[in-house]
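Trainee:
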Amino acid sequence: MTILDQIILNKKQEVEALKKQFTIADLEKREFFGRKVLSFKDFLLNRSGVIAEFKRKSPSKGIINATADVAETTLAYNNAGASALSVLTDEQFFGGSNENLLKARRVNEIPVLRKDFIMDEFQIVEAKSIGADIILLIASNLEIKQCLTLAKFAKNLGLNVLLEVHNKEELKFINEFVDAVGVNNRNLNTFTVDVNTSLNLVKDIPNDFLKISESGIYKPETIKMLKSAGFQGFLIGENFMREANPGEACKKFIEELK
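Taking our numbering, the leading residue of the sequence shown gets 6, the next gets one more, and so forth.
Take a look at the structure:
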């Protein structure tokens, strides 16, 4: 069993346990469920294009940053000019939590992506209830019909949908309810990273969708190359989070893009 298999199995068990604790009606009564969702497209195209991620650890890297304060860091990302925030909510494998996303939401007015392994409508309602503006659907974890159903459900709640793909075959998962297509340069089975994954797929992604390159972006020059290839958004996490002051690292990075 691969690490990805373990993550998916654990996530299914986690969601089933949560559904026994809370109902959809419970989630709809929470603090942020009724808030107006921010437009991912507007912020992506009118700011730096950087989607700055808050991530404490990963299966491949272990602990990345155990001490950074989520509110302080995400606000610094925002002030640096990030277009959106990505906050990990998977606890077991990535050291994330719903509470981290809530803390980020309370101090920021830019779009927030709930970064998790979503496979159930319950998780989408939960995402809205904790203040997310964007949900992530990972093609490799879903069936095409399931992806369509989840994307439609999210759009009906007013959420933005980011579909993550890893290869040309997964482009079949694109549907009318998706706002953005993200190419993950990290192979989720081996966890190796290659930015050429984005470059090889960009022309096959219809221009109707925002194009995002994810992972393996460590230098402003890489963003300039990806932008010239047709990408509009760039998800960066580890590069900032491995620094003692992630917000300052983000600020310097974005200043070099100008």
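Ideal Cβ placement from N, Cα and C applies to all residues, glycine included.
Would you say T7 lies against chain C (beta-carbon separation less than 8 Å)?
Mentor: The chain inventory of the structure shown lacks chain C, comprising one protein chain alone.
Trainee: Nearest CA to the CA of K229: which residue from F214, L206, F258 and I210?
Mentor: Counting from one through the sequence shown, the residue named residue 229 turns up at place 224. That would be F258, whose Cα lies nearest to the Cα of K229.
Trainee: Of the residues N180, K173, C255 and G136, which one's Cα is nearest the Cα of L142?
Mentor: Working through the sequence shown from its first residue, we reach residue 142 at position 137. The candidate whose alpha carbon is nearest that of L142 is N180.
Trainee: Suppose contacts are defined by Cβ-Cβ distances below 8 Å. Is L2 in contact with G187 by that definition?
Mentor: Within the shown structure, residues of the chain are numbered from 6 to 263, placing residue 2 beyond reach of any answer.
Trainee: Contact check, F99 vs S145 under 8 Å by CB: the rounded distance?
Mentor: As a working note, residue 99 is residue 94 in the sequence shown. As a working note, residue 145 is residue 140 in the sequence shown. Not confirmed; about 17 Å, so no contact.
Trainee: Which two residues bound the contiguous beta strand (DSSP E) that contains N194?
Mentor: Here residue 194 refers to the residue found at position 189 of the sequence shown. N194 -> no beta strand (DSSP E), and no H or E assigned at all.
Trainee: Are S102 and L49 close, meaning C-beta to C-beta below 8 Å?
Mentor: Counting from 1 along the sequence shown, the entry for residue 102 is found at position 97. Counting from 1 along the sequence shown, the entry for residue 49 is found at position 44. For S102 and L49, no; Cβs fall outside 8 Å.
Trainee: Check whether the region 240 to 254 and the region 199 to 214 touch, using three or more Cβ-Cβ pairs below 8 Å as the test.
Mentor: Output reads no: the region 199 to 214 does not touch the region 240 to 254.
Trainee: How many whole angstroms separate the CB atoms of M159 and I129, which I take to be in contact at a CB cut-off of 8 Å?
Mentor: Sequence index remark: in the sequence shown, residue 159 carries index 154 (1-based). Sequence index remark: in the sequence shown, residue 129 carries index 124 (1-based). It should be noted that the sequence gives Ala, not Met, for residue 159. 5 Å between Cβ atoms; contact.
Trainee: Can you look up V20 in the DSSP assignment and give me helix, strand or coil?
Mentor: The count along the sequence shown starts at 1 and reaches residue 20 at position 15. V20: helix per DSSP, three-state reduction.
Trainee: Within 10 Å of its beta-carbon, does M246 have 16 or more other beta-carbons around it, so buried, or fewer, so exposed?
Mentor: As a first step, residue 246 is located in the sequence shown; it is residue number 241 there, counting from the start. Its Cβ being crowded by 16 or more others within 10 Å, M246 is buried.
Trainee: Which ranges does the beta strand (DSSP E) cover as unbroken runs of at least 3 residues, wholly within the region 30 to 82, from first to last along the chain?
Mentor: 55 to 59
Trainee: Tell me whether S102 sits in a helix, a strand or coil according to DSSP, three-state version.
Mentor: In the sequence shown, the residue the question calls residue 102 occupies position 97. If DSSP states are grouped into helix, strand and coil, S102 belongs with coil.
Trainee: Within the continuous beta strand (DSSP E) that includes V92, where are the two ends?
Mentor: Along the sequence shown, read from residue 1 onward, the residue named residue 92 stands at position 87. Per DSSP, V92 belongs to the beta strand (DSSP E) from A89 to L93.
Trainee: Excluding five sequence neighbours on each side, which residues of the same chain lie with their C-beta closer than 6 Å to the C-beta of L162?
Mentor: For the purposes of this step, residue 162 is taken as residue 157 along the sequence shown, with counting starting at 1. Excluding sequence neighbours, L162 sits near K133.
Trainee: Take E77 and list the residues in its own chain whose beta-carbon comes closer than 8 Å to its own, dropping the five residues that flank it on each side.
Mentor: Position 72 of the sequence shown holds residue 77. If we look at E77 and ignore the five residues flanking it on each side, its Cβ neighbours are G252.
Trainee: So D138 and V166 are in contact, right, with Cβ under 8 Å, and what is the actual spacing, rounded?
Mentor: Reading the sequence shown from its first residue, position 133 is the one you call residue 138. Reading the sequence shown from its first residue, position 161 is the one you call residue 166. Actually they are not in contact, since the Cβ atoms of D138 and V166 sit about 11 Å apart, beyond 8 Å.
Trainee: What separation, rounded to the nearest whole angstrom, lies between the Cα atoms of K24 and E131?
Mentor: Stepping through the sequence shown from its first residue, residue 24 is reached at position 19. Stepping through the sequence shown from its first residue, residue 131 is reached at position 126. So the alpha carbons of these two residues sit roughly 11 Å apart.
Trainee: What is the DSSP secondary structure of L168, reduced to helix, strand or coil?
Mentor: Translated into positions along the sequence shown, residue 168 becomes position 163. L168 falls in the strand class under three-state DSSP.
Trainee: Compute the distance between the beta-carbons of F182 and K157, then report whether it is under 8 Å.
Mentor: Mapped onto the sequence shown, residue 182 falls at position 177. Mapped onto the sequence shown, residue 157 falls at position 152. Cβ atoms of F182 and K157: closer than 8 Å.
Trainee: Do K120 and L147 come within 8 Å of each other at the CB atom, strictly closer than that value?
Mentor: The sequence position of residue 147 within the sequence shown is 142, counting from 1. The sequence position of residue 120 within the sequence shown is 115, counting from 1. Against a cut-off of 8 Å, the Cβ pair of K120 and L147 comes out as no contact.
Trainee: Considering Cα atoms alone, identify which of F37, F127 and F122 is closest to I29.
Mentor: Taking the sequence shown and counting its residues from 1, one reaches residue 29 at position 24. Looking at the Cα atoms, F127 is the closest of the given residues.
Trainee: With 16 as the cutoff for other CB atoms within 10 Å, does I68 come out buried or exposed?
Mentor: Walking along the sequence shown from the start, residue 68 turns up at place 63. When all chains shown are included, I68 counts as exposed.
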